[in-house]
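Reading through the structure tokens given below for one structure.
Residue numbers (this note's numbering): 2 to 813.
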């Protein structure tokens with residue numbers, strides 16, 4: 002207590018110290034006391050009110066507790082009374098048993114109530130069905146109203162059945178649904194019969210049929226009723242299709258189905274049995290007949306049905322489906338079922354005859370193409386292409402595997418026929434542009450075969466089926482032909498190599514067909530064919546069809562990681578392009594193509610055959626140049642010789658061989674390939690002459706001039722077939738070396754101011770041999786300067802010094 006008082010005194014002290022800090026504050030002491038008294042009074046009042054509120058709350062709490070106890074007692078008494086009554090009602094000995102028996106009774110009562118409700122529904126459905134039957138002939142509109150009520154009742158029953166566990170429900174639901182379906186059919190049959198009567202009066206299906214004014218009202222009324230009756234079915238089908246990845250074909254409109262009936266009878270008459278028009282080998286007969294029906298009646302349909310479709314289906318989702326809003330599309334859709342029935346009839350027979358089966362599928366593809374191209378037929382949506390009857394046969398009727406085997410056998414048979422024809426093994430000089438390398442006739446025919454195969458499956462709608470054709474037929478044929486070219490090149494290399502001749506016991510005389518131009522021809526067959534087909538694959542990769550196929554393949558590889566059927570992504574990548582196995586976003590969209598792997602194998606074969614070509618020519622040229630390398634009169638030649646500046650005799654053989662080879666290459670190779678090969682041949686020849694002639698002999702001024710004339714002669718051969726200055730590009734270093742070697746001594750330089758002062762070749766100031774020698778051997782910088790003055794850019798300083806050492810005047 003004392004502690005509390007001390008604490009209060011301290012608080013008072015602090016308060017006074019805070020309020021009375023100066024003498025002036027004492028003047029407001031009375032005001033301060035009044036304020037404190039006022040606050041004290043207010044606090045006492047609040048405390049009194051709080052005590053009063055607390056007292057009332059306690060009283061209320063006590064009253065509520067008493068009321069709760071009274072309610073609890075009353076509830077206990079009521080529960081006991083209910084339990085006694087329940088025990089008496091169920092004749093049970095204890096409350097728990099009584100409750101169990103009561104629940105059983107209640108469940109039975111509920112089942113009776115549910116059964117009674119279903120029975121009432123059944124009676125209602127029966128009454129509506131009877132009403133339809135009674136009114137269908139005298140007042141079809143009333144019958145339709147009754148049917149609509151019956152249909153609404155039938156639609157609600159499945160949901161009602163799901164919420165009630167009753168063994169009676171399925172039977173009653175089935176009964177109502179069956180009754181609704183039967184009633185619907187009766188109304189449709191009646192309306193169709195009425196429409197058939199009107200059509201008979203019109204003279205349908207005559208080509209010149211028209212609707213007279215007195216029949217116009219009946220026509221519009223009957224067609225309109227059928228369209229209205231069918232609207233729920235169409236909406237249901239459209240809703241189901243929205244959630245399907247593989248869309249179902251649209252439903253045939255009933256008025257158009259009625260119009261097709263007499264045409265279907267005529268179709269069946271002409272294309273069944275032993276009629277001359279019913280031929281398995283001529284499916285185009287019945288397909289062209291269908292196209293004629295479309296053409297013949299499209300005008301009537303457009304004039305008399307289009308308005309009805311717009312009137313009844315313009316509102317809602319049905320207006321976006323061409324088969325329901327466009328009369329011509331709806332007409333074509335109505336004709337399709339009779340064609341499908343015809344196909345179902347003939348396929349079991351025709352599938353056993355490969356040639357007829359293949360012909361049928363190709364005719365169906367052509368038919369599908371005409372519908373799409375000539376009539377813009379896209380029944381589901383303008384953005385969804387028509388899959389066609391070919392898809393119906395191959396995918397829905399599951400004939401793709403059988404057809405694929407047939408097409409693959411045909412392709413391989415045609416390939417074998419091309420390869421077995423000996424005339425196709427030769428280069429084709431007639432049909433290929435002169436600027437391109439010449440492939441063999443076999444390569445051209447194989448390419449034509451592959452293009453035919455592409456046309457055969459281009460219109461398939463299934464991605465899996467197109468990929469199957471690409472990998473198992475097209476790329477397989479590419480691989481077979483590549484194997485043949487590869488084996489041909491290997492055989493050539495084996496017979497022409499030293500090791501191969503030794504191992505296989507081939508005598509030099511037995512190699513006539515792989516030596517000389519004949520040998521080059523064999524290698525050019527491989528080179529030209531590889532280059533031709535590699536370019537064809539590049540062109541195909543840029544074709545819209547293959548681009549779309551590649552994009553779809555990339556999408557599936559990145560989003561799904563697996564493929565349908567027997568194709569795995571790893572197998573596909575090995576056959577097409579390794580880029581499809583890379584992570585999403587890791588590859589540039591412009592990289593990769595369907596034929597990457599196959600084109601790469603042909604490219605490697607082209608490189609190898611090009612190397613073999615260069616090696617063969619280089620080997621023969623070097624052999625032919627050996628006599629030339631043994632000429633040892635260069636230092637003793639004089640300017641007065643009779644053969645001065647004519648080609649050295651020992652070079653004639655090599656020059657003729659070079660001319661023969663390059664003239665053949667000019668015909669067999671394209672411009673770019675020829676220049677590339679000729680340049681490599683020139684470089685090899687240059688190296689051989691440089692090492693074995695220029696750097697091995699000493700040359701007098703006359704000998705150097707003769708050597709220069711020989712080099713010019715070789716360059717002329719290159720220029721003649723490879724193009725202007727091709728010799729200089731190929732033997733440029735040798736040309737510069739010969740010019741340096743043939744520099745005149747000071748006494749041979751024309752006097753200053755003469756017409757011959759400028760060098761004909763380089764256009765530079767003439768410099769004498771001695772000056773060049775002095776400056777070349779002085780330093781590298783000096784050597785480079787003098788070479789630049791002479792217009793020589795290919796010779797190094799060391800090369801120049803080695804060349805100058807070959808001059809007789811400087812050799813000592």
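The C-beta atom is built at its ideal place from N, Cα and C for all residues, glycine as well. Bear in mind the structure is a predicted one, so any value in this text is a computation, not a measurement.
Indicate the three-state DSSP secondary structure (helix, strand or coil) for residue i in the structure shown.
{"i": "residue 433", "result": "coil"}
{"i": "residue 326", "result": "helix"}
{"i": "residue 276", "result": "coil"}
{"i": "residue 643", "result": "With a pLDDT of only 43 at residue 643, under the threshold of 50, the placement of this residue in the model should not be trusted; the figure read from the coordinates follows. Coil."}
{"i": "residue 578", "result": "coil"}
{"i": "residue 700", "result": "strand"}
{"i": "residue 428", "result": "strand"}
{"i": "residue 137", "result": "coil"}
{"i": "residue 385", "result": "strand"}
{"i": "residue 808", "result": "strand"}
{"i": "residue 634", "result": "coil"}
{"i": "residue 441", "result": "strand"}
{"i": "residue 779", "result": "helix"}
{"i": "residue 354", "result": "coil"}
{"i": "residue 772", "result": "helix"}
{"i": "residue 189", "result": "helix"}
{"i": "residue 379", "result": "coil"}
{"i": "residue 143", "result": "helix"}
{"i": "residue 96", "result": "helix"}
{"i": "residue 520", "result": "helix"}
{"i": "residue 793", "result": "coil"}
Alpha carbon to alpha carbon, how far is residue i from residue j?
{"i": "residue 381", "j": "residue 235", "result": "12 Å"}
{"i": "residue 155", "j": "residue 368", "result": "42 Å"}
{"i": "residue 653", "j": "residue 632", "result": "13 Å"}
{"i": "residue 409", "j": "residue 354", "result": "15 Å"}
{"i": "residue 502", "j": "residue 492", "result": "Interpretation of residue 502 is limited by its pLDDT of 49, a score under 50 that renders its predicted location unreliable; the figure taken from the coordinates is listed afterwards. Straight-line Cα distance between these residues: approximately 11 Å."}
{"i": "residue 535", "j": "residue 697", "result": "45 Å"}
{"i": "residue 710", "j": "residue 648", "result": "7 Å"}
{"i": "residue 594", "j": "residue 600", "result": "10 Å"}
{"i": "residue 352", "j": "residue 251", "result": "28 Å"}
{"i": "residue 334", "j": "residue 182", "result": "24 Å"}
{"i": "residue 272", "j": "residue 278", "result": "6 Å"}
{"i": "residue 264", "j": "residue 479", "result": "48 Å"}
{"i": "residue 699", "j": "residue 746", "result": "16 Å"}
{"i": "residue 70", "j": "residue 44", "result": "39 Å"}
{"i": "residue 458", "j": "residue 466", "result": "8 Å"}
{"i": "residue 22", "j": "residue 38", "result": "21 Å"}
{"i": "residue 809", "j": "residue 743", "result": "11 Å"}
{"i": "residue 651", "j": "residue 690", "result": "13 Å"}
Considering only residues of the same chain and omitting the five flanking positions on each side of residue i, which have a CB-CB separation below 6 Å?
{"i": "residue 532", "result": "438 and 607"}
{"i": "residue 685", "result": "619"}
{"i": "residue 1", "result": "Since the first residue of the chain shown is 2 and the last is 813, residue 1 is not available in this structure."}
{"i": "residue 296", "result": "none"}
By Cβ distance, which residues of its chain are closer than 7 Å to residue i, with the 5 residues on each side in sequence left out?
{"i": "residue 672", "result": "436"}
{"i": "residue 65", "result": "none"}
{"i": "residue 35", "result": "none"}
{"i": "residue 223", "result": "192, 195, 196 and 199"}
{"i": "residue 446", "result": "419 and 425"}
Once you ignore the five residues that flank residue i on each side, which residues in its own chain have a CB closer than 8 Å to its CB?
{"i": "residue 379", "result": "323, 330, 373, 385, 386 and 387"}
{"i": "residue 12", "result": "none"}
Using a Cβ-based criterion (distance less than 7 Å to any ligand heavy atom), does residue i qualify as near the ligand FMN?
{"i": "residue 43", "result": "With respect to small molecules bound, the structure shown includes none, and the ligand FMN cannot be examined in it."}
State buried or exposed for residue i, treating a residue as buried only when at least 16 other CB atoms are found within 10 Å of its CB.
{"i": "residue 541", "result": "buried"}
{"i": "residue 51", "result": "exposed"}
{"i": "residue 800", "result": "buried"}
{"i": "residue 557", "result": "buried"}
{"i": "residue 781", "result": "exposed"}
{"i": "residue 124", "result": "exposed"}
{"i": "residue 448", "result": "buried"}
{"i": "residue 725", "result": "exposed"}
{"i": "residue 484", "result": "exposed"}
For residue i, would you say it is in contact with chain D, using Cβ-to-Cβ distances shorter than 8 Å as the test?
{"i": "residue 411", "result": "Any reference to chain D falls outside this structure, which holds one protein chain only."}
Notebook entry, point to check: Quick one: any contact between the region 386–404 and the region 423–440, if contact means 3 or more CB pairs under 8 Å?
Noted result: no
Notebook entry, point to check: Contact between the region 302–317 and the region 217–237: three or more CB pairs below 8 Å?
Noted result: yes
Check: Does the count of Cβ pairs from the region 301–315 and the region 359–367 closer than 8 Å reach three?
Finding: no
Notebook entry, point to check: Do the region 215–224 and the region 177–191 make contact, defined as three or more Cβ pairs closer than 8 Å?
Noted result: no
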